[in-house]
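Worksheet: one structure, shown below.
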Amino acid sequence: MNVVRHWFTQQRGYTPFDFQQQTWDAQLAGASGLVHAPTGMGKTFAVGLGPMMRWCDAHPDRQSWAALKSPPLTMLWITPLRALASDTANSLREPIEDVGLPWTLELRTGDVSSSIKARQKKRLPSVLVTTPESLSLLLSYADAKAKFAHVQSVVVDEWHELMSTKRGTQTELGLARLRRWNPAMQTWGLSATMGNLEQARDVLLGRAKAKSGVLIRGESQKAVRIETIVPDDLERFPWAGHLGLKLLPQVLDELDKVGSALLFTNTRSQAELWFAAIVKHRPNWIGEVALHHGSLDRKLRQKVEDLLREGKLRCVVCTSSLDLGVDFSPVDRVFQVGSPKGVARLMQRAGRSGHQPGAVSRVLGVPTHAFELIEFAAARVGIEGKRVESRRPLDRPIDVLVQHLVTVAAGGGFDEHALYEEVKATYAFRDLSAEQWQWAMDFVTRGGKALYAYPHYRRVAPPNGDGQYHVSSQQIAKQHRMGIGTITSDAAMIVKLARGRSLGTVEESFIARLKPGDRFLFAGQPLELIKTQNMTAYVRRATRLSGNVPRWQGGKSPLSTQLADAVRAKFDDALAERFTDDEMRAVRPLLELQRQWSRLPAADELLIESATSREGHHLFAYPFQGRLVHEGLGALLAYRLSQQAPRSITATVNDYGLELMCPEPIAMDEKAWRDVLSTDRLVEDLLACLNATELARRQFREIARVAGLIFTGYPGQSKSTRQLQASSELFYDVFAEFDADNLLLDQARREVLEEQLEVRRLKQALERIEAMRLVRVTLEQLSPLAFPLWAEHLRENHVTSEHWSDRVRAMAVALEKVADDG
DNA sequence: GACCTGCTGCGGCCTG
1 MNVVRHWFTQ QRGYTPFDFQ QQTWDAQLAG ASGLVHAPTG MGKTFAVGLG
51 PMMRWCDAHP DRQSWAALKS PPLTMLWITP LRALASDTAN SLREPIEDVG
101 LPWTLELRTG DVSSSIKARQ KKRLPSVLVT TPESLSLLLS YADAKAKFAH
151 VQSVVVDEWH ELMSTKRGTQ TELGLARLRR WNPAMQTWGL SATMGNLEQA
201 RDVLLGRAKA KSGVLIRGES QKAVRIETIV PDDLERFPWA GHLGLKLLPQ
251 VLDELDKVGS ALLFTNTRSQ AELWFAAIVK HRPNWIGEVA LHHGSLDRKL
301 RQKVEDLLRE GKLRCVVCTS SLDLGVDFSP VDRVFQVGSP KGVARLMQRA
351 GRSGHQPGAV SRVLGVPTHA FELIEFAAAR VGIEGKRVES RRPLDRPIDV
401 LVQHLVTVAA GGGFDEHALY EEVKATYAFR DLSAEQWQWA MDFVTRGGKA
451 LYAYPHYRRV APPNGDGQYH VSSQQIAKQH RMGIGTITSD AAMIVKLARG
501 RSLGTVEESF IARLKPGDRF LFAGQPLELI KTQNMTAYVR RATRLSGNVP
551 RWQGGKSPLS TQLADAVRAK FDDALAERFT DDEMRAVRPL LELQRQWSRL
601 PAADELLIES ATSREGHHLF AYPFQGRLVH EGLGALLAYR LSQQAPRSIT
651 ATVNDYGLEL MCPEPIAMDE KAWRDVLSTD RLVEDLLACL NATELARRQF
701 REIARVAGLI FTGYPGQSKS TRQLQASSEL FYDVFAEFDA DNLLLDQARR
751 EVLEEQLEVR RLKQALERIE AMRLVRVTLE QLSPLAFPLW AEHLRENHVT
801 SEHWSDRVRA MAVALEKVAD DG
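Just so you know, we're using UniProt numbering here: the first sequence kicks off at 1 and counts up by one.
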């Protein structure tokens, strides 16, 4: 028996799971593929031991191992997270050391010491655990080929997370490079649950291997159970709102019962508030409850992760910052506060509990308003029906290609034709046309049409006798390396204790509203602002809490299509009087009101409600397509209506529908509605109304950085957002004027349409609506579906001098009264 | 004193 397998079964005493066995067999047979494996089931060993077994088979004489010293880089492991890199290294080190393989193993991420980096500049270890960015960096050194020529297998961990991002594309390009140097190289990916695993495998393997690729599905789906805290009294439960502290007592009761828990929230400020609330009500838990989100200082987060790993925490309140990484033992209870947003997302979070094979993963939903009860019920249906979201791979992000061209030019140079073929072998650039390639080449060699006068943008020099393109100068190579990567983020303000450590970062706009002496809640503690200086807010601990919580302007993830459809189906259930779960029974009175005051929309109808309030005239429509689509749709409808007659219309959206508000009444018959809901000229109208130029301009900022047009400054002295903005705008304007066909501009527009507006989904929504009946209802009072939109509208537009909450409360009371009378 | 929506992730230089 192979010594590695022997180690696994005899020394460690493990019985391989089926998927581990299958993976090793496939790896020994020389195949590539993707493994779908639940967390905590030994996925590192599943893909990590095969290459070791292979090497042992090729070197059967153990006596000779010592003489081999450290073999060249044989196995490369790519992870999206630095924290995962060290966990993985620890797992892989075990068999290497126990078996006595002569392999060396090292990490290569941005935070390894400079001495290790210096050593790796000379020679790489036998096993290297790294990130997509660090791989790219290594590929940018002139001797890259010699260093990577012996790589026999590459493993990409958490591929589902990388695949649909530019980091994934960068990984694809790096893998294509390695495959060219060693065509027999095996590629293996690890992925959590997603809807398009086959495609994920194909993207990972690229053109050459896609046909022979294997897909191994791990353990039969682990059971996931979704439970929900159902409010005792729905009448007093909010119809809108997002904090959900209403259910705090029930959550505390649950926390009392368990030893350890993770409480996921959807936003950072929500996490801060929940953390503060828990500590306030359970003061004796101080030290056992922790907070974890992306704006906290890395050191604070690291500490929480360590304590979590050691099993010393009773509860961690977190955002998706704990979705991945941190190899801790499963917790007893997982909470999801607020909308689950997606089926896969809820499954992944549930998976943080009940790790043992056969154990059930459970998640307890904590709705923050009444309709979220339906979302949890819908997510359960989604999981049972295995209707899990897909992740869509990117199509030809030119900025990533441009960056890669300079990387490769610095990394030993390239032959143009060969590199074109290599790039086209990736899934992302499989349809790259000769013209597009030419454009990219021209852009890096001459600066394109617009920048040819600036030598600085001639980053790649044409062949000089050897047929190879090379980077123009070492200075350019150096600067390029500083900009490698595809993650861009704006500068944030550091929050620092006056005498002491940094607590994390908040947005400048938040601090700008405060004066010295004002208090706010951050990093789980009350703070008082002392002064601001150099993008740093100096604070001291305050004794009393303030309700002021930083708000970050983050992504606005919409309800996924799968979950939105499932929610829609739950309305059908209600229509058919099928109230089969606790959540639906709990919201029944609310749905009953919706039916009485308006209508429960059936699957084949689009409900349009109109109402009059002292703000003006409102139209509400409910396509159930998630907020991004509704944003596009709202803007489109407002635009088209104002084209018909001059009037000012504001649109407000949420995940279920949209509201159009106008000071004057908008009289529309069926035909008028059909016209404004038409798919004709959809993209043109969207571009016209969304001030697409402005959106594209903003999007271009990121593209310009990835493409290497903007130097963001040396580490530690990064340029301000304003500076970066100014230079990217300059490029935008120059391109728009002198190089209108610039592919980077085109990409900016594409990204706005596809990612920010989800045009594809919007178009599908409109097509569906075409086949639907339009049902129009005039409301006497706001319906339960309309109420959250109305409240959102007030919040966004500050339309009333009365305080927002007073107004909302007053309306809620009025509605309650009507409900009671009815 | 109450009210509050919006995620995550990486990398780099200089000197002797």
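Every residue gets a Cβ at the ideal spot worked out from N, C-alpha and C, and that includes glycine. Values in this document were obtained by computation on a predicted structure and should not be read as measured data.
* Contact check, residue 486 vs residue 777, beta carbons under 8 Å -> As a working mapping, residue 486 is identified with position 486 in the first sequence. As a working mapping, residue 777 is identified with position 777 in the first sequence. No, the Cβ-Cβ distance between residue 486 and residue 777 is not below 8 Å.
* Asked: If we ignore side chains and look at the alpha-carbon of each, how far apart do residue 561 and residue 573 end up?
  -> As a working mapping, residue 561 is identified with position 561 in the first sequence. As a working mapping, residue 573 is identified with position 573 in the first sequence. Computed Cα separation, rounded: 18 Å.
* Asked: Whole-angstrom Cβ separation of residue 350 and residue 258, contact assumed at under 8 Å?
  -> By 1-based counting over the first sequence, the position of residue 350 is 350. By 1-based counting over the first sequence, the position of residue 258 is 258. That pair is no contact at about 15 Å.
* **Buried versus exposed, by CB contacts within 10 Å (16 or more), residue 107** => Start at 1 with the first residue of the first sequence, and residue 107 comes out as number 107. The residue is buried, with at least 16 neighbouring Cβ atoms inside 10 Å.
* **From 426, 133, 67 and 37, residue whose alpha carbon lies closest to that of residue 77** => Along the first sequence, read from residue 1 onward, the residue named residue 77 stands at position 77. Of the candidates 426, 133, 67 and 37, the one whose C-alpha sits nearest the C-alpha of residue 77 is 133.
* Look at residue 825 and residue 180 and say whether their C-beta atoms are less than 8 Å apart. => Outside the modelled stretch of the chain, which goes from 1 to 822, sits residue 825, for which no answer is possible.
* With C-beta atoms as the reference, is residue 109 less than 8 Å away from residue 126? -> As a working note, residue 109 is residue 109 in the first sequence. As a working note, residue 126 is residue 126 in the first sequence. No. Outside cutoff.
* Asked: For the region 547–556 against the region 580–593, are there 3 or more C-beta pairs whose distance is under 8 Å?
  -> Touching, no.
* Asked: In angstroms, rounded to a whole number, what distance separates the CA positions of residue 853 and residue 755?
  -> No answer is possible for residue 853: the residues shown for the chain start at 1 and end at 822.
* Would you check if the region 422–432 and the region 727–743 touch, i.e. whether three or more CB-CB distances between them fall below 8 Å? => No, the region 727–743 does not touch the region 422–432.
* To do: Would you kindly report the start and end of the unbroken beta strand (DSSP E) that includes residue 538?
  => Walking along the first sequence from the start, residue 538 turns up at place 538. For residue 538, the enclosing beta strand (DSSP E) starts and ends at 536–541.
* Starting from residue 293, trace the alpha helix (DSSP H) both ways and give me its first and last residue. => Counting from 1 along the first sequence, the entry for residue 293 is found at position 293. Counted as a single uninterrupted DSSP element, the stretch harbouring residue 293 is not any alpha helix (DSSP H), since DSSP gives it neither H nor E.
* To do: Thinking residue 66 and residue 102 are a contact (beta carbons under 8 Å), I'd like their distance in whole angstroms, please.
  => Translated into the one-based positions of the first sequence, residue 66 becomes position 66. Translated into the one-based positions of the first sequence, residue 102 becomes position 102. Indeed, because the Cβ distance is near 6 Å, the residues count as touching under 8 Å.
* Anyone know if the C-beta pair for residue 322 and residue 292 falls short of 8 Å? -> For the purposes of this step, residue 322 is taken as the residue at position 322 of the first sequence. For the purposes of this step, residue 292 is taken as the residue at position 292 of the first sequence. Judged by their CB atoms, residue 322 and residue 292 are nearer to each other than the 8 Å cut-off.
* To do: Would you kindly work out how many angstroms separate the C-alpha atoms of residue 569 and residue 644, rounded to a whole number?
  => By one-based count along the first sequence, residue 569 stands at place 569. By one-based count along the first sequence, residue 644 stands at place 644. Distance from the CA atom of residue 569 to the CA atom of residue 644, rounded to whole angstroms, is 35 Å.
* **residue 616, enclosing beta strand (DSSP E) - first and last residue** => Locating residue 616 in the first sequence gives position 616, where the first residue counts as 1. For residue 616, the uninterrupted beta strand (DSSP E) segment begins and ends at 616–621.
* To do: Please say whether residue 226 and residue 383 have beta carbons closer to each other than 8 Å?
  => Walking along the first sequence from the start, residue 383 turns up at place 383. Walking along the first sequence from the start, residue 226 turns up at place 226. At a Cβ-Cβ threshold of 8 Å, residue 383 and residue 226 count as neighbours.
* Can you check whether the CB of residue 655 is closer than 8 Å to the CB of residue 558? -> One-based indexing of the first sequence puts residue 558 at position 558. One-based indexing of the first sequence puts residue 655 at position 655. Inclusion of residue 558 and residue 655 in the CB contact set at 8 Å is warranted, their separation being smaller than that value.
* To do: Assuming residue 859 and residue 276 form a contact by the criterion Cβ under 8 Å, report the distance between their Cβ atoms to the nearest whole angstrom.
  => Here the chain has residues from 1 to 822 only, and residue 859 is not among them.
* Would you check if there are 3 or more beta carbon pairs closer than 8 Å linking the region 619–628 to the region 403–420? => With a cut-off of 8 Å, the region 403–420 and the region 619–628 do not count as touching, because too few Cβ pairs lie within range.
* Could you work out which residue in 326, 29, 233 and 696 is closest to residue 749 when comparing CA atoms only? => Numbered from its first residue, the first sequence carries residue 749 at position 749. For residue 749, the closest C-alpha among the options 326, 29, 233 and 696 is that of 696.
* To do: Name, in chain order, the residues that DSSP records as bridge partners for residue 526.
  => In the first sequence, the residue the question calls residue 526 occupies position 526. Bridge partners of residue 526: 521.
* To do: For residue 129, write down the residues that DSSP places opposite it in a beta bridge.
  => For the purposes of this step, residue 129 is taken as residue 129 along the first sequence, with counting starting at 1. The beta-bridge partner set that DSSP reports for residue 129 consists of 77 and 107.
* **Beta-carbon contacts of residue 466 that lie in its chain and below 8 Å, excluding the five residues immediately before and after** => For this step, residue 466 is matched to residue 466 along the first sequence. Counting only Cβ-Cβ distances below 8 Å, and skipping sequence neighbours, we find 413.
* Asked: Can you tell me the Cα-Cα spacing of residue 302 and residue 278, whole angstroms?
  -> In the first sequence, counting from the first residue as 1, residue 302 sits at position 302. In the first sequence, counting from the first residue as 1, residue 278 sits at position 278. Those two C-alpha atoms are separated by around 21 Å.
* Pick from 90, 141 and 763 that is closest to residue 129, judged by C-alpha positions -> For the purposes of this step, residue 129 is identified with residue 129 of the first sequence, where counting begins at 1. Ranking the options by Cα distance to residue 129, first place goes to 90.
* Asked: Measuring from the CB of residue 615, is there a heavy atom of the ligand NAD at a distance below 7 Å?
  -> This structure lacks the ligand NAD, and indeed carries no ligand of any kind.
* **As assigned by DSSP and simplified to three states, the class of residue 269** => On the first sequence, position 269 is the one that residue 269 refers to. In this structure, residue 269 counts as helix in the three-state DSSP scheme.
* Where residue 494 sits in the DSSP three-state scheme -> Within the first sequence, numbered from 1, the residue matching residue 494 stands at position 494. Of the three classes helix, strand and coil, the one that applies to residue 494 here is strand, per DSSP.
* To do: Compute the Euclidean distance between the alpha carbons of residue 751 and residue 307, then round it to the nearest angstrom.
  => The residue labelled residue 751 in the question sits at position 751 within the first sequence. The residue labelled residue 307 in the question sits at position 307 within the first sequence. Residue 751 and residue 307 have their C-alpha atoms spaced approximately 40 Å apart.
* Secondary structure of residue 258, DSSP reduced to three states -> Here residue 258 corresponds to residue number 258 of the first sequence, with the count starting at 1. Under the three-state reduction of DSSP output, residue 258 falls in the coil class, being neither helix nor strand.
* To do: Classify residue 36 as buried or exposed, calling it buried when 16 or more other Cβ atoms lie within 10 Å of its own Cβ.
  => On the first sequence, residue 36 is found 36 positions in, with the first residue counted as 1. Buried, because 16 or more other Cβ atoms sit within 10 Å of the Cβ of residue 36.
* **Length at least 4, wholly inside the region 574–628: the alpha helix (DSSP H) runs in chain order** => 582–597, all fully within the region 574–628.
* To do: Measure the C-alpha to C-alpha separation of residue 335 and residue 543 and round it to an integer number of angstroms.
  => Position 335 of the first sequence, counted from the start, is the residue given in the question as residue 335. Position 543 of the first sequence, counted from the start, is the residue given in the question as residue 543. A straight line joining the alpha-carbon of residue 335 with that of residue 543 spans about 30 Å.
* **Residue nearest to residue 747 in terms of C-alpha spacing, selected from 632, 469, 402 and 93** => In the first sequence, the residue the question calls residue 747 occupies position 747. Selected option, being the one with the closest Cα: 402.
* **Through-space distance from residue 714 to residue 460, alpha-carbon basis** => Taking the first sequence and counting its residues from 1, one reaches residue 460 at position 460. Taking the first sequence and counting its residues from 1, one reaches residue 714 at position 714. Approximately 22 Å between the Cα atoms of the pair.
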